[in-house]
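Protein chains in written order, with our numbering: chain A, 276 to 421; chain B, 14 to 117.
Shown next as structure tokens:
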């Protein structure tokens, strides 16, 4: 019985704070995306004629983002009958957008006119239990030119 | 040292290729950060400590790559890519590689 109570408390804490954190993060991301809209960013650039520019530099943005207790629980349930895992999709989406924003912000500070050949790299930091997804690390990188 | 993910350096000409240079680090998380992380795992959100750790590790991998390029007398590294993999429980590798070139 006690275990069940602890579980329900953890679950509701996870849900409450998780939803709150996610909403806040999305708001922040949207705001910063609006601010950095002026900088052109593209994933092509390789196997193409080099752009006209006097300066080029590599910029990297990283983020490690954790799932919450509720999401982890939903994932465990989802594993039973499969299908889309919306809670993890939003987690990855947040992480990728955040990492890209960090690249853009650094590039803007440097005075970039464009960021080319952006690539992502994703990996997980295994959780304590059976290597479950505890946290996701995302690296976004690209070449800024000016 | 000029670093790019493109196949050359804009506004410059590649004179010589020196082949692939690479750098990697394997890092493990530390206990202090882990306690904070397990708490964060409850409520979700960014793990700042881990982000810093990733940043340091990535910087070190890049430094090693740059060092290797310097030894070859290169002044730029083009077509840089990063790759990550989990080596063991709680440890991860970050790997940076690119082509060392001489540009003018």
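All C-beta atoms in this analysis are idealised placements derived from N, C-alpha and C, irrespective of residue type, glycine included.
- Check the Cα spacing between residue 14 (chain B) and each of B:82, B:61, B:25 and B:52: the tightest is with B:82.
- In this structure, DSSP gives residue 345 (chain A) a helical state, which the three-state scheme calls helix.
- Close to chain B, meaning a Cβ-Cβ distance shorter than 9 Å, are the following residues of the segment 384 to 400 of chain A: 391, 392, 393, 394, 396, 397, 398, 399 and 400.
- When A:392, A:390, A:393 and A:410 are compared, the shortest CA-CA separation from residue 399 (chain A) is found for A:410.
- Of B:104, B:19 and B:116, the smallest CA-CA separation from residue 321 (chain A) is found for B:19.
- Remark: C-beta atoms of residue 421 (chain A) and residue 388 (chain A) approach each other more closely than 9 Å.
- Chain B has a Cβ within less than 9 Å of the Cβ of residue 416 (chain A).
- Per the coordinates, the alpha-carbon of residue 360 (chain A) lies some 43 Å from the alpha-carbon of residue 89 (chain B).
- Going by beta carbons, residue 117 (chain B) and residue 16 (chain B) fall outside the 9 Å limit.
- Residue ranges of uninterrupted alpha helix (DSSP H) with 4 or more members, entirely inside the segment 21 to 82 of chain B and ordered along the chain, are 44 to 56.
- Using beta-carbon distances, residue 94 (chain B) counts as an interface residue toward chain A, with a partner under 9 Å.
- The beta carbon of residue 53 (chain B) sits closer than 9 Å to some beta carbon of chain A.
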